[in-house]
Amino acid sequence: MKPTTAVLAADVAVSLFPADFSAVPLPPGDFTIGKKFSFEAGHRLPGLPHEHKCSRQHGHSYEVEVIITAPSLEEPGFVTDFGALAQFKEFLNTELDHHNLHEVLPFEPTSERLAQFLAGWFIHNLQPAIPGRLVAVLVRETGSSWARFDVEGQ
């Protein structure tokens, strides 16, 4: 009896995957993680013309994502333990959540400037205490619009 194509294909597939996973070579490279946070805040952009809708008070359900990289992992295999980022969430909750951003920040709170500011806060306050290096901060105002600040190599 001649084997069918399906049996042959299954036989080939099995032979392509070795049973000894320790034989799989691990390529060199960097590891990268991301973590999302959220907060609610209002703002207006007084530098815009009066007719522009964003010159008036409005609010967003902001999402902020931090992206962190490292050339090697800390035990048990983390770039950074996600729990170590709790201080960043606490900062967002305490200082920005349910505030008018144009009243608490020293700049017009566009998403672009907010991403740069949050990167600066993270580098100054959190990065010295955790493994890994901040690569970027992404700020999302809506489901379809975002701004990202990429940190230059440190």
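Numbered as in our numbering, the sequence shown ends at 1412 without a single skipped number.
Note that the Cβ used here is the ideal one computed from N, Cα and C, for glycine as well.
Quantities reported herein were computed from a predicted structural model and do not represent experimental measurements.
Cβ-Cβ distance between residue i and residue j below 8 Å
i, j, result
"A1342", "D1288", "no"
"S1369", "E1399", "yes"
"G1317", "A1299", "yes"
"F1375", "L1363", "yes"
"L1303", "S1319", "no"
"H1222", "P1367", "Summary: the structure shown does not reach residue 1222, with the chain confined to residues 1259 through 1412, and so no result is reported for it."
"L1350", "F1295", "yes"
"E1332", "P1389", "yes"
"I1413", "A1394", "Summary: the structure shown does not reach residue 1413, with the chain confined to residues 1259 through 1412, and so no result is reported for it."
Which listed residue (the options) has its alpha carbon closest to that of residue i
i, options, result
"T1338", "G1317, S1313, H1310, A1387", "A1387"
"L1284", "N1358, S1330, V1397", "S1330"
"G1411", "K1311, P1334, F1336, L1392", "L1392"
Local Cβ density within 10 Å of residue i, reported as buried at 16 or more and exposed below that
i, result
"V1282", "exposed"
"A1377", "buried"
"F1279", "exposed"
"A1277", "exposed"
"F1346", "buried"
DSSP bridge partner residues for residue i (one or two, in chain order)
i, result
"V1405", "The amino acid at residue 1405 is misidentified as Val; the sequence shows Ala. Answer by DSSP bridge pairing, in chain order: V1397."
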